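One structure below.
Number of protein chains: 2
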Amino acid sequence: MKRSDRLIGMTNYVLEHPLQLISLPFLAEKYQAAKSSISEDLTIMNKMLQQEGIGYLESVAGAAGGVKYVPQYSKENSDQFINQLCDRLEDPNRLLPGGYLFMSDILGEPDTIRQIGRLFASEFASLGIEAVVTVATKGIPLAYAVASFLNVPVVIVRRDPKITEGSTVSINYVSGSSRKIQTMVLTKRSLKQGARVCIIDDFMKAGGTIDGMKSLLKEFDAQVAGIGVLAEAEDEEDERVVNDYTSLVKISNVDVRNQQIEVHKGNLFK
Amino acid sequence: MKRSDRLIGMTNYVLEHPLQLISLPFLAEKYQAAKSSISEDLTIMNKMLQQEGIGYLESVAGAAGGVKYVPQYSKENSDQFINQLCDRLEDPNRLLPGGYLFMSDILGEPDTIRQIGRLFASEFASLGIEAVVTVATKGIPLAYAVASFLNVPVVIVRRDPKITEGSTVSINYVSGSSRKIQTMVLTKRSLKQGARVCIIDDFMKAGGTIDGMKSLLKEFDAQVAGIGVLAEAEDEEDERVVNDYTSLVKISNVDVRNQQIEVHKGNLFK
Chain A
0 MKRSDRLIGM TNYVLEHPLQ LISLPFLAEK YQAAKSSISE DLTIMNKMLQ QEGIGYLESV
60 AGAAGGVKYV PQYSKENSDQ FINQLCDRLE DPNRLLPGGY LFMSDILGEP DTIRQIGRLF
120 ASEFASLGIE AVVTVATKGI PLAYAVASFL NVPVVIVRRD PKITEGSTVS INYVSGSSRK
180 IQTMVLTKRS LKQGARVCII DDFMKAGGTI DGMKSLLKEF DAQVAGIGVL AEAEDEEDER
240 VVNDYTSLVK ISNVDVRNQQ IEVHKGNLFK
Chain B
0 MKRSDRLIGM TNYVLEHPLQ LISLPFLAEK YQAAKSSISE DLTIMNKMLQ QEGIGYLESV
60 AGAAGGVKYV PQYSKENSDQ FINQLCDRLE DPNRLLPGGY LFMSDILGEP DTIRQIGRLF
120 ASEFASLGIE AVVTVATKGI PLAYAVASFL NVPVVIVRRD PKITEGSTVS INYVSGSSRK
180 IQTMVLTKRS LKQGARVCII DDFMKAGGTI DGMKSLLKEF DAQVAGIGVL AEAEDEEDER
240 VVNDYTSLVK ISNVDVRNQQ IEVHKGNLFK
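Residue numbers (numbering that gives the first Met the number 0), protein chains in the order written: chain A, 0 to 269; chain B, 0 to 269.
This is the structure:
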């Protein structure tokens with residue numbers, strides 16, 4: 000196969016298998032070329048992925064060696080994306096009764112979701128995550144986007160048990176802001192004991208839901224290696240029950256009466 | 000920029016913007032090359048995408064012309080994927096009380112979800128779809144996967160109104176198999192009037208839920224151009240209230256007592 004053909008096929012293959020070791024012999028056979036040629040291709044690809052600001056290839060030496068695509072969004076790409084997102088969220092038309100923010104349109108855009116996933120994955124790529132955990136419903140697309148870049152499965156915690164799920168583990172927790180007692184369930188066979196996970200959710204006020212997820216994950220002996228939230232409500236900072244998290248945007252000074260709201264970059268950008 | 004560098008960057012760009020017209024001048028500027036060179040690159044790319052069985056480039060002539068990446072999974076890739084999926088689903092350990100099938104592990108794999116999305120998108124790419132509609136919770140990842148290949152937003156119908164959503168339209172419908180009356184809501188500002196949509200869901204028994212979604216979408220004057228379900232229960236065929244749909248797999252002869260189940264290719268493969 001010619002180099003130009005190979006590069007197209009390999010770019011697609013490598014980008015679709017992030018954080019997975021791809022051996023040189025495998026690529027040499029798949030794209031019908033000598034290992035030395037494949038090696039040159041990968042050098043070119045590594046340089047170009049960095050130039051495009053979407054990651055790099057990590058070389059793994061030895062007989063079982065090869066390359067691993069590490070998704071890493073460049074500072075330039077990240078800044079550009081997050082500035083646009085903040086601008087869009089600051090639109091006063093998004094304010095809903097109770098100080099909530101309408102975000103469903105933005106969360107409905109696959110391209111935006113993918114970029115959010117890429118940002119969190121860049122942050123969590125080195126943590127050895129084995130599964131992404133989220134709670135139904137709004138966190139689901141974000142969790143899949145992160146998981147697709149980390150190449151691990153998604154596990155969904157529910158607020159109600161479902162007949163199509165089999166036996167479950169459930170806990171009660173106190174919602175941080177409303178102080179109500181709520182329930183959360185996770186199907187037993189959906190997560191193996193002792194897994195290393197990250198938690199992804201769309202919105203965090205006091206953090207009661209995420210704290211509840213941590214308690215539930217303890218029942219599975221899971222280690223929570225990272226917590227990522229798209230938006231945090233800065234006004235609830237004093238009551239916060241979760242401290243160690245990564246946020247993409249901070250929402251503050253929500254003023255429903257005067258239709259005002261401020262949206263800044265989250266702590267990922269510090 | 001050298002051809003080899005360009006091809007890597009352009010492959011990534013083109014695959015991330017399916018069904019979107021990408022103009023030659025835009026690519027020429029982005030990748031610093033003459034339009035004639037870009038044109039040659041695209042010819043190579045078109046050939047290679049087809050060889051890899053993941054789609055093709057459609058040329059749009061004229062001053063406002065360019066290319067459009069059409070995701071089209073080859074018959075070979077589709078067959079290989081669906082045969083594996085059927086084998087995995089036929090595992091009797093998946094049987095749950097009531098004849099339900101445990102699928103959450105498979106639905107938790109981003110790579111599997113992506114391939115399912117690619118299959119439906121291949122089927123629906125020519126229908127001019129403007130949004131993918133699904134119902135919470137299990138259909139959500141599938142809907143995003145389809146939407147990412149069709150490059151359109153996802154709209155999520157809920158079973159309960161949520162405070163963070165604003166005003167909604169709701170309907171009551173009769174669940175096909177259980178004959179219970181249920182409710183479904185859709186936020187008013189989540190879908191523009193008269194949109195052309197496809198419906199995506201994970202599982203269809205008699206089809207009451209999908210029929211309910213069709214009624215709800217009528218309130219938005221939406222045109223349902225396609226319906227895609229991952230799995231259909233063949234045993235419920237007689238009671239079916241939805242006829243025009245595309246399924247990936249058919250589940251039949253579910254025998255909980257003897258722990259048996261049959262899973263075959265769905266009507267997409269006819």
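Note that the Cβ used here is the ideal one computed from N, Cα and C, for glycine as well. Computed from a prediction, not measured in an experiment: that's the story for all the values here.
Query                                                                                                                         : Result
Chain B contacts made by the segment 1 to 30 of chain A, where a contact means CB separation under 7 Å                        : Arg2, Ser3, Asp4, Leu6, Ile7, Gly8, Thr10, Asn11, Leu14
Amino acids of chain A, ordered along the chain, whose beta-carbon sits closer than 9 Å to that of Ile53 (chain B)            : Asn11
Proximal chain A residues relative to Val153 (chain B), where beta-carbon distance stays under 9 Å                            : Leu106, Gly107, Glu108, Pro109, Ile112, Pro140
Chain A contacts from the segment 40 to 74 of chain B (Cβ-Cβ distance under 9 Å)                                              : Asp40, Ile43, Met44, Lys46, Met47, Leu48, Gln50, Glu51, Ile53
Host alpha helix (DSSP H) of Gln258 (chain A) (start-end)                                                                     : Gln258 (chain A) -> no alpha helix (DSSP H), and no H or E assigned at all.
Thr136 (chain B): contacting residues in chain A (beta-carbon distance under 8 Å)                                             : Ala135, Thr136, Ile139, Ile155, Arg157
Per-residue contacts from Thr186 (chain A) into chain B (C-beta, under 7 Å)                                                   : Ser103
Contact between the segment 153 to 170 of chain B and the segment 225 to 241 of chain B (3+ Cβ pairs under 8 Å)               : no
Residue-level contact to chain A via CB, Ala146 (chain B), 8 Å cutoff                                                         : yes
Whole-angstrom distance between Gln259 (chain B) and Gly98 (chain B), CA atom to CA atom                                      : 10 Å
Complete beta strand (DSSP E) runs within the segment 137 to 174 of chain B (minimum length 3 residues, chain order)          : 153 to 156, 167 to 173
Nearest to Glu57 (chain B) (by Cα), restricted to the options B:Gln50, B:Thr42, B:Val253                                      : B:Thr42
Closer than 8 Å to chain A by CB, Ser189 (chain B)                                                                            : yes
For Met44 (chain A) and Ile7 (chain B), believed in contact at Cβ under 8 Å, the rounded distance                             : 5 Å
Chain-ordered neighbours of Tyr244 (chain A) on chain B, where CB pairs are closer than 8 Å                                   : Result: empty, since nearest Cβ-Cβ is about 20 Å, beyond 8 Å.
For Lys67 (chain B), the residue or residues it bridges with in DSSP                                                          : B:Glu57
Between the CA atoms of Thr136 (chain A) and Phe202 (chain B) - distance to the nearest angstrom                              : 18 Å
CB contact flag (Val145 (chain B), Gly116 (chain B), <8 Å)                                                                    : yes
Where the beta strand (DSSP E) through Ile198 (chain A) begins and ends                                                       : 195 to 203
Start and end residues, beta strand (DSSP E) containing Met212 (chain B)                                                      : Run containing Met212 (chain B): none in the beta strand (DSSP E); it sits in the alpha helix (DSSP H), 207 to 217.
CB-CB length for Glu129 (chain A) against Val196 (chain A), believed under 8 Å                                                : 7 Å
Three-way DSSP call (helix, strand, coil) for Gly98 (chain B) in this model                                                   : helix
Of the listed residues B:Glu51, B:Asn11, B:Lys204, nearest to Asp237 (chain B) (C-alpha basis)                                : B:Lys204
Ala62 (chain A) versus A:Leu20, A:Gly54, A:Leu94, A:Asn82, residue with shortest Cα-Cα distance                               : A:Leu20
Residue closest to Val151 (chain A), alpha-carbon to alpha-carbon, out of A:Arg157, A:Ser189, A:Ile170, A:Leu100              : A:Ser189
Alpha-carbon to alpha-carbon, Ser3 (chain A) and Met183 (chain B)                                                             : 51 Å
Classification of Asp40 (chain B) by the beta-carbon crowding that lies within 10 angstroms, buried from 16 upward            : buried
Beta-carbon proximity check, Gly127 (chain B) vs Ile199 (chain B), cutoff 8 Å                                                 : no
Val223 (chain A) and Lys213 (chain A) closer than 8 Å at C-beta                                                               : yes
Cys218 (chain A) vs Ile170 (chain A) beta-carbon contact at 8 Å                                                               : The question names Cys, yet the displayed sequence has Glu at residue 218 (chain A). Yes, these two residues count as a Cβ contact at 8 Å.
Counted within 10 angstroms of its Cβ, other Cβ atoms place Gln114 (chain A) as buried (16 or more) or exposed                : buried
Residue from B:Phe123, B:Leu149, B:Asn82 with nearest C-alpha to Lys249 (chain B)                                             : B:Asn82
Alpha carbon of Val132 (chain A) to alpha carbon of Val153 (chain A), nearest angstrom                                        : 6 Å
Nonlocal neighbours in the same chain, by C-beta distance under 6 Å from Leu100 (chain A), ignoring five residues either side : Arg93
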